[in-house]
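Novice: In the working numbering, the protein residues as written are 14 to 154. Even for Gly, the Cβ is constructed at its ideal location relative to N, Cα and C. Fair warning: this is a prediction, and the values are worked out from it, not measured in the lab. Sharing a structure with you now.
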Amino acid sequence: MKKQIGLYIAILILLTWAVSLIYFLQRDLGENPWLVPAGLLVLTFLYTGLFITAHDAIHGAILPGKHKWNAAIGAFCLFVYALFPYSKIRRNHFDHHRYPGSLKDPDYHDGLRRGFWSWYLHFLRGYITWWQILGMALIFN
């Protein structure tokens, strides 16, 4: 039981996310406008949970010693999060740990971009492709 607690938490997060997403997508927001902020809060929290679950899977913490299971869970969480490819996120994340605060760190602010938004757009370009944006637009419209 203790070795599988990460798996149980991952399943709980995934199921809660799926049920909540289905619930909010099926509601008539015109009749229930209060559901908009409620849905944003709940789903933002759960999407954060998906990303943290993927992060834990990258580090092998969902099911210690079960690399393929961690990879599958992480890949699924990243895919439903924003159609992210697991291998790219895993590689970038380990580079982030391997080269923290340096130009080889994919999350590092290199000082060339002025202001938060300039850095943030540069950061996003390192992770998100136009295909992902198109895919998410098709899925959610």
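1) Would a C-beta distance cut-off of 9 Å place Gly52 and Thr29 closer than the cut-off?
2) Check the C-beta distance from Val55 over to Ser33 and give it rounded, since I have them as a contact under 8 Å.
3) Less than 9 Å between the beta carbons of Ala74 and Cys90, yes or no?
4) Looking at the secondary structure, which residues open and close the alpha helix (DSSP H) in which Ile65 lies?
5) What whole-angstrom Cβ distance do Asp108 and Leu116 have, given they're in contact under 8 Å?
6) Taking a contact to mean a Cβ-Cβ separation below 9 Å, would you say Arg103 touches Gly87 in this structure?
7) Hey, could you find the ends of the alpha helix (DSSP H) Ser100 is sitting in?
8) Any chance the CB of Leu20 is under 8 Å from a heavy atom of the ligand GDP?
Specialist: Result, derived from the coordinates:
1) Numbered from its first residue, the sequence shown carries residue 52 at position 39. Numbered from its first residue, the sequence shown carries residue 29 at position 16. No. Outside cutoff.
2) For the purposes of this step, residue 55 is taken as the residue at position 42 of the sequence shown. For the purposes of this step, residue 33 is taken as the residue at position 20 of the sequence shown. Their Cβ separation, rounded to whole angstroms, is 5 Å, which keeps Val55 and Ser33 in contact under 8 Å.
3) Your numbering for residue 74 matches position 61 in the sequence shown. Your numbering for residue 90 matches position 77 in the sequence shown. No, the Cβ-Cβ distance between Ala74 and Cys90 is not below 9 Å.
4) Taking the sequence shown and counting its residues from 1, one reaches residue 65 at position 52. Run containing Ile65: 48-71, per the alpha helix (DSSP H) assignment.
5) Here the question's residue 108 lines up with position 95 in the sequence shown. Here the question's residue 116 lines up with position 103 in the sequence shown. Contact doesn't hold; Cβ gap of about 11 Å is too wide.
6) By one-based count along the sequence shown, residue 103 stands at place 90. By one-based count along the sequence shown, residue 87 stands at place 74. Yes, they are a contact pair.
7) Translated into the one-based positions of the sequence shown, residue 100 becomes position 87. Segment 99-111, the alpha helix (DSSP H) holding Ser100.
8) Ligands are entirely absent from the displayed structure, and the ligand GDP is therefore not among its contents.
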